[in-house]
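Everything below concerns the one structure shown next.
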Amino acid sequence: MESKILLILDLDETLIHATATKLGDDYAFQLYHYYVYRRPGLDAFLASCAEIFDIAVWSSASDDYVKQVVEQIFPVEIKLVFVWGRSRCTPLVVPQIDEYGYYNLDGASHYEYAKLLKKVRRLGFDINRILIVDDTPEKVRNCYGNAIYPTPFLGNPDDNELKILSHFLDSLKTAENIRSIEKRHWQRKFLSSYET
Ligand SMILES: [Mg+2]
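Quick note on numbering: the sequence shown equals residues 1 to 196 in UniProt numbering.
Encoded structure:
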């Protein structure tokens with residue numbers, strides 16, 4: 001039997017929202033000076049993902065923060081392939097594009113902590129069987145063929161993205177090569193299956 005697809009999940013604005021400004025009293029826990037809110041449907045989402053995929057976490061937040069968030073939101077029965085934080089990311093310059101679509105070499109560029117899948121391949125995973133979920137496309141721009149972009153979660157209690165994402169991920173579980181599947185605008189396509 002073929003091994004499971006590896007699903008790499010981001011934390012901030014994908015599974016949770018951490019903010020120094022309290023949004024309401026329904027935060028899940030406090031970490032440092034942050035109030036941490038779970039994205040609605042998180043427990044069900046993680047449970048269904050764990051049935052289908054091998055799961056890992058990769059965030060560009062500090063390693064210590066990542067470890068503590070994971071301890072809070074993942075049930076112990078879900079065994080994670082790895083839990084990686086910023087020390088596993090690679091700072092890459094994000095090129096500034098001017099209004100005409102040209103690279104603006106004079107403009108102020110900024111760094112983004114990128115997630116490079118070659119680090120995951122070194123663990124022996126097949127690049128065609130890795131999915132990475134991240135609300136920031138710039139962080140996964142070197143592996144956009146593997147990437148799924150959820151809408152950033154900023155604490156909206158009516159957010160239903162994880163339910164829809166579950167449907168979409170379920171549709172990918174039997175794919176031989178996930179890079180050959182169109183993943184842009186997945187919300188539009190799967191909103192209907194969620195509503196039915
Ligand atoms: Mg994020």
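Using N, Cα and C, we set each Cβ at its ideal position, and we do this for glycine too. Here the structure is a predicted model, which means the values were calculated and not measured.
So residue i is in the alpha helix (DSSP H); what residue range does that whole segment cover?
i: residue 38; result: It is not in any alpha helix (DSSP H) - residue 38 instead sits in the beta strand (DSSP E) that spans 34-38.
i: residue 161; result: 161-172
i: residue 181; result: No alpha helix (DSSP H) holds residue 181; DSSP gives it neither H nor E.
i: residue 67; result: 63-73
Between the Cα of residue i and those of the options, spot the shortest distance and give me the residue it belongs to.
i: residue 89; options: 142, 160 and 157; result: 142
i: residue 93; options: 139, 100 and 85; result: 139
i: residue 56; options: 167, 85 and 98; result: 85
i: residue 76; options: 43, 97 and 120; result: 43
i: residue 155; options: 95, 16 and 168; result: 16
i: residue 66; options: 111, 39, 31 and 117; result: 31
i: residue 5; options: 52, 117, 68 and 36; result: 52
i: residue 10; options: 121, 170 and 114; result: 114
i: residue 23; options: 167, 170 and 153; result: 153
i: residue 166; options: 125, 99 and 48; result: 48
i: residue 169; options: 129, 157 and 137; result: 129
i: residue 145; options: 124, 157, 116 and 123; result: 116
i: residue 112; options: 87, 102 and 122; result: 87
i: residue 69; options: 125, 172, 35 and 127; result: 35
i: residue 120; options: 173, 136, 71 and 54; result: 54
Check for me: the beta strand (DSSP E) holding residue i runs from which residue to which?
i: residue 9; result: 6-9
i: residue 46; result: Where residue 46 is concerned, there is no enclosing beta strand (DSSP E), although the alpha helix (DSSP H) it sits in stretches over 42-52.
i: residue 31; result: 29-31
i: residue 17; result: 16-19
To the nearest whole angstrom, what separates the beta carbons of residue i and residue j, a pair I think is in contact under 8 angstroms?
i: residue 74; j: residue 46; result: 6 angstroms
i: residue 14; j: residue 134; result: 6 angstroms
i: residue 33; j: residue 50; result: Contact flag wrong, Cβ pair sits at about 31 angstroms.
i: residue 131; j: residue 164; result: With a Cβ gap of about 15 angstroms, residue 131 and residue 164 do not count as contacting.
i: residue 38; j: residue 161; result: Actually they are not in contact, since the Cβ atoms of residue 38 and residue 161 sit about 12 angstroms apart, beyond 8 angstroms.
* To do: Starting from the N-terminal side, write out each stretch of the alpha helix (DSSP H) that is 4 residues or longer and does not extend beyond the region 78-159.
  => 118-121
* **Any 3 or more C-beta pairs closer than 8 angstroms across the region 180-191 and the region 143-151** => yes
* Is it a yes or a no for the region 60-73 touching the region 167-182, going by three-plus beta-carbon pairs under 8 angstroms? -> no
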